[in-house]
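**Student:**
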Amino acid sequence: MSICMTFALAGLGAGITEAILVNPFEVVKVTLQSNKQLAAQMPSTWAVTREIVRDSGLGMRGLNKGLFATVARNGLFNMVYFGFYHSVKGYVPESQDPVLEFGRKVAIGFTSGVLGSCVNIPFDVAKSRIQGPQPIPGVIKYNSTVGTVVLVYREEGFRALYKGLVPKVLRLGPGGAIMLVVYDYVYHYLESKFVDKN
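Numbering (this note's numbering), first residue to last: 98 to 295.
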């Protein structure tokens with residue numbers, strides 16, 4: 098297995114694990130953000146969580162609604178993000194100049210975040226549609242991940258699958274650069290201080 102594939106699969110595994118753990122919090126967050134009545138009442142996160150569990154349970158219509166869309170979104174992002182970063186940084190020559198080396202890492206991290214965002218945004222759109230309020234109250238229009246992607250494409254066109262891409266890139270491009278650059282510098286610092294050289 099190539100080193101590129103190894104990093105990509107490790108990123109995929111990390112993204113899937115992350116998605117499974119954070120999805121209930123995503124459901125609560127989207128509920129708080131999208132329900133105007135709840136916003137007026139200013140309920141606590143715990144109160145909204147209890148209400149979701151009471152009304153819809155813990156399953157795929159309740160606290161784990163949109164799980165597969167979140168898994169696809171996070172899994173794809175991390176697969177591209179880590180796979181690209183660790184593969185490309187080996188091909189782009191390191192610089193002895195600390196400023197140029199910092200710039201090299203920032204550029205690769207930024208590109209990783211942008212590419213990950215571009216690849217996973219249709220699933221992010223699907224997640225928002227599934228977890229958010231349905232167009233007709235009481236009728237579930239957006240249910241499955243692939244079904245939602247297809248429905249959005251049919252009804253609203255290809256561009257609708259990329260709604261919110263610019264703010265997402267503006268968040269995850271720099272965020273991706275910062276995270277990987279800090280990770281790299283801290284890793285090398287700790288390695289130089291604590292790893293036995295013998």
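Note that CB positions come from ideal geometry on N, CA and C, so glycine has one too. Fair warning: this is a prediction, and the values are worked out from it, not measured in the lab.
With distances taken between CB atoms, is the gap from residue 223 to residue 166 smaller than 7 Å?
**Tutor:** Contact: yes.
**Student:** Suppose contacts are defined by Cβ-Cβ distances below 7 Å. Is residue 68 in contact with residue 180 by that definition?
**Tutor:** Shown here, the chain extends from 98 to 295; a query on residue 68 therefore has no answer.
**Student:** Here's the rule I'm using: 16 or more other beta-carbon atoms within 10 Å means buried, otherwise exposed. How should residue 287 be labelled?
**Tutor:** Flag for residue 287 reads exposed.
**Student:** Just checking, does the segment 275-290 make contact with the segment 196-208 on the three C-beta pairs under 8 Å criterion?
**Tutor:** Yes, the segment 275-290 is in contact with the segment 196-208.
**Student:** Do residue 168 and residue 213 have their beta-carbon atoms positioned less than 7 Å apart in this structure?
**Tutor:** Going by C-beta atoms, residue 213 is not nearer than 7 Å to residue 168.
**Student:** Can you look up residue 236 in the DSSP assignment and give me helix, strand or coil?
**Tutor:** Coil, per DSSP.
**Student:** Any beta carbon of chain D sitting closer than 7 Å to that of residue 223?
**Tutor:** No chain D is part of this structure, which consists of one protein chain only.
**Student:** Should residue 154 be labelled buried (16 or more other beta-carbon atoms within 10 Å of its own) or exposed?
**Tutor:** Result: exposed.
**Student:** Using the beta-carbon count (16 or more within 10 Å), is residue 147 buried or exposed?
**Tutor:** Residue 147 should be labelled exposed.
**Student:** Do residue 228 and residue 237 have their CB atoms nearer than 7 Å?
**Tutor:** No, they are not a contact pair.
**Student:** Which same chain residues end up closer than 8 Å to residue 198 when comparing Cβ atoms and leaving out the 5 residues on each side of it in sequence?
**Tutor:** Taken in chain order, the residues that qualify are 191, 192.
**Student:** Could you please give the first and the last residue of the uninterrupted alpha helix (DSSP H) stretch that includes residue 153?
**Tutor:** Start and end: 142-153.
**Student:** Locate the alpha helix (DSSP H) running through residue 130, then write down its first and last residues.
**Tutor:** Residue 130 -> alpha helix (DSSP H) spans 100-131.
**Student:** Less than 8 Å between the CB atoms is what I'm expecting for residue 116 and residue 159, so what's the real figure, rounded?
**Tutor:** Between residue 159 and residue 116 the Cβ distance is about 17 Å, and since that is not below 8 Å, they are no contact.
**Student:** Do residue 211 and residue 270 have their C-beta atoms closer together than 7 Å?
**Tutor:** Result yes, Cβ atoms of residue 211 and residue 270 sit closer than 7 Å.
**Student:** Is the separation between the beta-carbon of residue 257 and that of residue 246 shorter than 7 Å?
**Tutor:** Taking 7 Å as the Cβ cut-off, residue 257 and residue 246 do not qualify as a contacting pair.
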